[in-house]
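For the record, the sequence lines run as chains C and D.
Under my numbering, the first residue of the first sequence is numbered 66, with each subsequent residue one higher.
Under my numbering, the first residue of the second sequence is numbered 1342, with each subsequent residue one higher.
Only one structure is covered here, and it is reproduced in the block below.
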Amino acid sequence: NAGVTQTPKFQVLKTGQSMTLQCAQDMNHNSMYWYRQDPGMGLRLIYYSASEGTTDKGEVPNGYNVSRLNKREFSLRLESAAPSQTSVYFCASSEVETNDSPLHFGNGTRLTVT
Amino acid sequence: GEDVEQSLFLSVREGDSSVINCTYTDSSSTYLYWYKQEPGAGLQLLTYIFSNMDMKQDQRLTVLLNKKDKHLSLRIADTQTGDSAIYFCAGHNYGQNFVFGPGTRLSVLP
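See below:
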């Protein structure tokens, strides 16, 4: 039981390049999330998927797109990377949208855009 | 929307107790969580408390909730060097997204 798995762990991009961050969970969770973490700002929600087939914008969606490929996988795409997207990206999942379902996090992708 | 605040840094001596504080603006959060993040890793759930509880204890961890003052605290007894990490509090209510504080970096000095 691996939990939430993210790839890659590290990535360096040049401004304007594109890339896709991959996330998979093996806990049969309905909901999946993408956050970014910046120093002193906690975690900010980029996009989430409450269930397979649905996606919604979070607090900071500009410059990103997502795909909920199936129940297990939720990917985050940067179409044209900018230095402001340098951050640590975390994928998370939870069982259902009820109060007592904590988030389970992956180990993150550290992205640098030069 | 909800805002969650935490002090950014805390230093304690090994063996002492640590108290990490959190204040939140939205009293409708029905669950409040504490997460721990070690260097280079993701966030790990430590414990959580339902909003109708005042206190929850789990081994060395004690969570106190003061709903009137919208204040949540995490006490770590007998703090060890392995407790050095960033601690996040977060609130959640049904149908809404989690809201995280900025995190408190705990440094444990030998």
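No residue lacks a Cβ here, since even glycine has one placed at the ideal position from N, Cα and C.
If you're wondering where the values come from, they're calculated on a predicted model, not measured in any experiment.
The shortest C-alpha to C-alpha distance from residue 139 of chain C to any of C/111, C/153, C/77, C/127 is the one to C/111. Listed along the chain, the chain D residues whose CB falls inside 8 Å of the CB of residue 113 of chain C are 1438. In chain order, 1353, 1355, 1420, 1421, 1422, 1424, 1425 place their CB closer than 7 Å to the CB of residue 1449 of chain D, counting only its own chain and leaving out the 5 sequence neighbours on each side.
Within its own chain, the residues whose Cβ lies closer than 8 Å to the Cβ of residue 119 of chain C, once the five positions on either side in sequence are excluded, are 133, listed in chain order.
With contacts defined as CB atoms closer than 8 Å, residue 90 of chain C and residue 166 of chain C fail to qualify as a contacting pair.
Of the candidates C/95, C/125, C/92, C/125 places its Cα closest to the Cα of residue 108 of chain C.
Counting every other CB atom within 10 Å of its CB across the protein chains shown gives residue 1377 of chain D a total of 16 or more, marking it as buried.
If the five residues before and after residue 144 of chain C are omitted, its C-beta is found closer than 6 Å to the C-beta atoms of 83, all from its own chain and listed in chain order. Pairing residue 1373 of chain D with residue 1406 of chain D gives a Cβ-Cβ distance under 8 Å. Here residue 92 of chain C is exposed: its Cβ has fewer than 16 other Cβ atoms, across all protein chains shown, within 10 Å. Close partners of residue 1429 of chain D in chain C (Cβ separation under 9 Å): 107, 108.
At a cut-off of 8 Å between beta carbons, residue 1441 of chain D contacts chain C.
C/113 is the residue among C/113, C/135, C/148, C/70 whose C-alpha sits nearest the C-alpha of residue 97 of chain C. Excluding its 5 nearest sequence neighbours in each direction, residue 1380 of chain D has C-beta neighbours in its own chain below 8 Å: 1426, listed in chain order. If you look at residue 1432 of chain D, you'll find it in the beta strand (DSSP E) that goes 1426-1433. Residue 1412 of chain D counts as exposed, since fewer than 16 other C-beta atoms from the protein chains shown sit within 10 angstroms of its C-beta. When rounded, the separation of the alpha-carbon atoms in residue 1399 of chain D and residue 1443 of chain D is 24 Å. Linking residue 154 of chain C to residue 100 of chain C through their CA atoms gives a straight-line distance of about 6 Å. Within the segment 130-153 of chain C, no residue has a Cβ lying closer than 9 Å to any Cβ of chain D.
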